[in-house]
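S.K.:
Residue numbers (full-length UniProt numbering): 1 to 737.
1. Which same chain residues end up closer than 7 Å to residue 607 when comparing Cβ atoms and leaving out the 5 residues on each side of it in sequence?
2. Measure the beta-carbon distance from residue 282 to residue 299 and round it to whole angstroms, keeping in mind my assumption that it falls under 8 Å.
3. If distances are taken between C-alpha atoms only, which option among 524, 727, 269 comes closest to residue 624?
4. By the 10 Å Cβ neighbour count, where 16 or more other Cβ atoms means buried, how is residue 471 classified, buried or exposed?
5. Using only alpha-carbon positions, find the residue among 662, 269, 134 that is nearest to residue 161.
6. Could you check what DSSP says for residue 589 in three-state terms: helix, strand or coil?
7. Do we get a CB-CB distance below 8 Å when we pair residue 475 with the residues of chain D?
8. For residue 715, which of helix, strand or coil comes out of DSSP?
9. Take every Cβ of the stretch 406 to 413, pair it with every Cβ of the stretch 443 to 459, and state whether three or more of those distances are shorter than 8 Å.
10. For residue 306, which residues from the same chain have a beta carbon less than 7 Å from its beta carbon, with the 5 sequence-adjacent residues on both sides left out?
11. Per DSSP, which residues does residue 143 bridge with? Please list them.
12. Among 350, 310, 338, which residue has its Cα nearest to the Cα of residue 325?
13. Excluding sequence positions up to five away, which residues of its chain have a Cβ less than 8 Å from the Cβ of residue 562?
14. Could you tell me the boundaries of the alpha helix (DSSP H) in which residue 395 lies?
15. Along the chain, where does the alpha helix (DSSP H) containing residue 376 start, and where does it finish?
16. Would you mind giving the Cβ-Cβ distance between residue 525 and residue 418, rounded to the nearest angstrom? I have them listed as a contact below 8 Å.
17. What does DSSP give as the partner residues of residue 152 in its beta bridges?
18. Name the DSSP bridge partner or partners of residue 734?
19. For residue 628, which beta-bridge partners are listed by DSSP?
20. Just how far apart, CA to CA, sit residue 313 and residue 268?
21. Taking 6 Å as the limit between beta carbons, can you name the residues of its chain near residue 276, skipping five residues before and five after?
22. My output table needs one value for residue 420: the three-state DSSP class, helix, strand or coil.
23. Roughly how many whole angstroms lie between the Cα atoms of residue 245 and residue 292?
24. Around the Cβ of residue 183, are there at least 16 other Cβ atoms within 10 angstroms (buried) or fewer (exposed)?
25. From the DSSP output, which residues share a beta bridge with residue 724?
26. Can you look up residue 676 in the DSSP assignment and give me helix, strand or coil?
27. Grab the span of the alpha helix (DSSP H) containing residue 285 for me, first residue to last.
28. Would you call the CB atoms of residue 387 and residue 284 closer than 8 Å?
29. Can you name, in chain order, every residue of its own chain whose Cβ lies under 6 Å from the Cβ of residue 96, other than the five neighbours on each side?
30. How is the alpha helix (DSSP H) around residue 662 delimited, first residue to last?
31. Look at the Cβ atom of residue 327, then the Cβ atom of residue 394, and state whether they are nearer than 8 Å.
32. Residue 565 to residue 689, Cα distance in whole Å?
33. Closest by CA to residue 318, which one among 359, 236, 652?
34. On the three-state DSSP scale, how would you describe residue 229?
35. Report the residue from 392, 408, 322 whose alpha carbon sits nearest the alpha carbon of residue 367.
36. Could you say which of 47, 63, 681, 120 lies nearest to residue 79 if we only look at CA atoms?
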C-alpha cells in the first residue's frame, strides 16, 4: 500500500464524514440558535421581573420609612407636652413640686434631653432614607435595599411614575418641616408650636402618601404578572419546539444516521477482516510514537504481545530489542518522517529496524530470536503529514537461509583453504600441527570441566585456557590457517571480556563452548581431509620416510615455515624484516622437542616483530637500516638445548613497562617507582600484561610471553633476557634434553 493511495483513502473518508454530518450539524446549529434566543428572551424577562421586585421592595421600604417618621414626630411632641406639664405657666417650678421633687429634677432633665436627641437622630435617618428612595425610584441609582443588589432602576411605566409624582409633591411640602424639626434646639416651650405643625401635616398627608406608594406597588405587581405570563408562554413554546425538533430529528436524521452507520459498519467489518487475515503487522503511529487502536492480528503474533493499542511503540519494543541504541535511532528516524522538509526516500537508509533481531515470546511463552523488518510510510491528510503507517514482516526464515548459505560458503572456503594447505604443506609439519591442535583442544576441554570453588580458581582457568588458545593461534597464524586464527581470536575476545569481570561463575564459561566446538570441528575437518588425501596417494607415496630424512625434511619445513611466518608478521605490522634461522638441522635433538621449541619460537618471533623491530621510517631516523634483522638460533649443548631469538630493534623499555603497570592498575605509582630494571623486565611474563597500544592479531593480548614462561616451567628450563634500549633484544630459552 503506497502512502499516496493511503492519503487519498483517508481524504475520501474524511469528506464522507463531513457530508454525513453536515445537515445534522446545520440542524442542531439552528436549534441551538433558536433555543439560545428563547433562553435570552426569558432571561431578559426574568431580569425585568427581578428589577420590578427590587423596586417593590424599595417602595415598601419607603412606606415603612414614612410611618417611622410619623411615629418619631409624635414622640417628639409627646415628650415636650409631658415636660411642660411639670412646669408652671411662667416657666418656674411650683413650690410644692420644688419641695417634693427637688432631688429628682436634674435626672428628669437629663432623661428628657437624651430622648429628644435620640428622636431627632432617628427622624434624620428616616428623612435621609426617604429622600434617597424617592430619588432612586425617580432617576435610578445605587441603593442597597435588597441583599446582593446594590442599585435600583428608575420607574418606567407612566402609571407608576404618576403615582411617584404625587408622593414627590407631598414630600416637597414635608421636606422643610422635617429639616426644621430635625434642627430644633431641645427647649420644650419653644418646640411645641413647630412640632404641632409638622405632626398635623404628617397626620393629614399620611394616608395620601400610603395611597401613592400602594399605587406604585400595585402597578409594579401588575407588570410582574404580565411579564410572568409572557415568560410562561415563552417556556411553553420552547418546550413545544424542542419536542417537535426531537420528533423531527428522530424520524429524519436518525434514519439517515442509521443508514450511514450501516455503511460504516460494513466498511469497519471489511477493515477488521483485512486486519485479521493479512500476513503482516500493520498499524499507525502518531507524532508521539503512540500505536493506533486498530492494528492487524498478525502484529500480536509477530511481537508476542497483546492489547498494546494507544501505547508507545518504543516502550513496547524496549524489552525486545537487543541494542538500546536502535530505539534512540528509531525515535530520531520517525521524528524526521514528520518533518515535511525531509524527503522520505532520502532517509529510508536510516531505518534501524531492517531485519532487526528481536527477542519475541512464542505461543508457548518461550523467548526466541526473530528477525523483524519494519517499513515506514507517511500518511497525508489535507496535504499534511497526519500519521506514519508501519508494516512489520517476519524475515526470520530469509535471514536464517542467508546465514546458512553464508555459513556453507565459509565452510567451503575453509575446506578449500585446508585442502590447499594440505596439498602444499609438509606432511610432518601438518601432522605435528594436527596433533598439537588436538592436544590443545582436549586440554581446553579438560580445563573447562575442572571444578572451581573460589574466584581465584576461576581466573586461573581463564589464564590456562588463554595460553592454549593463544598458542594455537600462533601455530595457525604461522601456517596461514586463517580459519583457526579467526576462531581463536573470537575465543580470546571472550576470555578478555571475562577477565574484566570482578566475579565469575560456572555459567560464564558456557559462551566458550561454542567456539571450542568450532575448533574441534575444524581440527576434525583438516584431519579427515589429510587422511583422505593420504589414502588417495599411491603405495609408494605412502611408504614411511627414513628417520634421518624425515627429521631433515621436518627441520627444513620448520625453517621455511618460520621464515614465511616472519614475512607475514612484518607485512601485517608495516615493517621490513630480514630473517635468518640456524640450527634446525641439528640431529641430536628429538622431533618432539623441536616441535615444542617451534611453538615457543613462534611466540618469540611474533613478540620480536610486533614489539622489537621498529617501522622503516623510525629506523632510518635512528640511523639504522630500513630492514630490521631477526635471528633464530637452535643449539645442541650436550645435556640441554638452547633457542635464542635476537632482533636489532628498540629493545625493552623499562620505563614504558613501569607506566603500563600503573596505567593498568597492577601497581600504584609508589610501588612501581620502587621496581628496578630487572624486576620491570620480568613483568613481561605476567599473564595479561602487554605494552602494546592496541590489540591486534599479533599483539596486545598479554599472553604470548606468558605461554613461553609457562611452557619453560613445564619443561624445567629457564629464560634469560639480554637487552639494550634502542639497540637489541635477545631472549634465550634453555631446556634439558
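All C-beta atoms in this analysis are idealised placements derived from N, C-alpha and C, irrespective of residue type, glycine included.
M.R.: According to the data block:
1. On the chain shown, position 607 is the one that residue 607 refers to. The answer, listed in chain order, is 704, 705.
2. Start at 1 with the first residue of the chain shown, and residue 282 comes out as number 282. Start at 1 with the first residue of the chain shown, and residue 299 comes out as number 299. Residue 299 and residue 282 do touch by the CB rule: their CB atoms are close to 7 Å apart, below 8 Å.
3. For the purposes of this step, residue 624 is taken as residue 624 along the chain shown, with counting starting at 1. Checked all of 524, 727, 269; the closest Cα to residue 624 is 727.
4. The count along the chain shown starts at 1 and reaches residue 471 at position 471. By the C-beta density criterion, residue 471 is buried, having at least 16 other C-beta atoms within 10 angstroms.
5. Indexing the chain shown from 1 puts residue 161 at position 161. Among 662, 269, 134, the Cα nearest to that of residue 161 is on 134.
6. Along the chain shown, read from residue 1 onward, the residue named residue 589 stands at position 589. In the displayed model, residue 589 falls within coil according to three-state DSSP, outside both helix and strand.
7. You won't find chain D in this structure, because it holds only one protein chain.
8. Looking up residue 715 in the chain shown gives position 715. Coil, per DSSP.
9. Using a Cβ-Cβ distance cut-off of 8 Å, the stretch 406 to 413 and the stretch 443 to 459 are not in contact, since fewer than three pairs of beta carbons, one from each stretch, lie closer than that value.
10. Within the chain shown, the letter at position 306 stands for residue 306. Closer than 7 Å at the Cβ level, and outside the excluded window around residue 306, lie 300.
11. Translated into positions along the chain shown, residue 143 becomes position 143. The partner list for residue 143 (beta bridge, DSSP) is empty, contrary to what the question assumes.
12. Within the chain shown, numbered from 1, the residue matching residue 325 stands at position 325. Among 350, 310, 338, the Cα nearest to that of residue 325 is on 350.
13. One-based indexing of the chain shown puts residue 562 at position 562. Once the five neighbours on either side are set aside, the close Cβ partners of residue 562 are 478, 579, 581, 598, 601, 602, 605, 632.
14. Within the chain shown, residue 395 is the residue found at index 395, counting from 1. Run containing residue 395: none; DSSP gives neither H nor E here.
15. Position 376 of the chain shown, counted from the first residue, corresponds to residue 376. Note, residue 376: premise wrong, no alpha helix (DSSP H); beta strand (DSSP E) at 367 to 381.
16. As a position in the chain shown, residue 525 is number 525, starting the count at 1. As a position in the chain shown, residue 418 is number 418, starting the count at 1. About 6 Å separates the two Cβ atoms, so the contact holds.
17. Numbered from its first residue, the chain shown carries residue 152 at position 152. According to DSSP, residue 152 bridges with 141.
18. As a working note, residue 734 is residue 734 in the chain shown. BP columns for residue 734 point to 642, 718.
19. In the chain shown, counting from the first residue as 1, residue 628 sits at position 628. The partner list for residue 628 (beta bridge, DSSP) reads 577.
20. In the chain shown, counting from the first residue as 1, residue 313 sits at position 313. In the chain shown, counting from the first residue as 1, residue 268 sits at position 268. So the two alpha carbons sit approximately 24 Å from each other.
21. By 1-based counting over the chain shown, the position of residue 276 is 276. Counting only Cβ-Cβ distances below 6 Å, and skipping sequence neighbours, we find 297.
22. Along the chain shown, one-based indexing puts residue 420 at 420. Helix, per DSSP.
23. Working through the chain shown from its first residue, we reach residue 245 at position 245. Working through the chain shown from its first residue, we reach residue 292 at position 292. Distance between the alpha carbons of residue 245 and residue 292 is about 38 Å.
24. One-based indexing of the chain shown puts residue 183 at position 183. Answer is exposed; the Cβ neighbour count stays below 16.
25. The count along the chain shown starts at 1 and reaches residue 724 at position 724. 728.
26. Start at 1 with the first residue of the chain shown, and residue 676 comes out as number 676. Of the three classes helix, strand and coil, the one that applies to residue 676 here is coil, per DSSP.
27. For this step, residue 285 is matched to residue 285 along the chain shown. In the DSSP assignment, residue 285 falls outside any alpha helix (DSSP H) and lies within the beta strand (DSSP E) extending over 281 to 285.
28. Along the chain shown, read from residue 1 onward, the residue named residue 387 stands at position 387. Along the chain shown, read from residue 1 onward, the residue named residue 284 stands at position 284. Remark: C-beta atoms of residue 387 and residue 284 approach each other more closely than 8 Å.
29. For the purposes of this step, residue 96 is identified with residue 96 of the chain shown, where counting begins at 1. Confidence in residue 96 is poor, its pLDDT being 46 and thus under 50, which makes the residue's placement unreliable; the coordinate value appears in the next sentence. Spatial neighbours of residue 96 in its own chain (CB-CB distance under 6 Å, excluding positions within 5 residues in sequence) are not present.
30. For the purposes of this step, residue 662 is taken as the residue at position 662 of the chain shown. It spans 654 to 663 - the alpha helix (DSSP H) in which residue 662 sits, taken as one unbroken run.
31. Working through the chain shown from its first residue, we reach residue 327 at position 327. Working through the chain shown from its first residue, we reach residue 394 at position 394. In this structure, residue 327 sits away from residue 394, with a CB-CB distance that is not shorter than 8 Å.
32. Here the question's residue 565 lines up with position 565 in the chain shown. Here the question's residue 689 lines up with position 689 in the chain shown. Residue 565 and residue 689 have their C-alpha atoms roughly 24 Å apart.
33. For the purposes of this step, residue 318 is taken as residue 318 along the chain shown, with counting starting at 1. Of 359, 236, 652, the residue nearest in Cα terms is 359.
34. Translated into the one-based positions of the chain shown, residue 229 becomes position 229. When secondary structure is reduced to three states using DSSP, residue 229 falls in the helix class.
35. In the chain shown, the residue the question calls residue 367 occupies position 367. Nearest in C-alpha terms to residue 367, of all of 392, 408, 322, is 322.
36. For the purposes of this step, residue 79 is identified with residue 79 of the chain shown, where counting begins at 1. That would be 120, whose Cα lies nearest to the Cα of residue 79.
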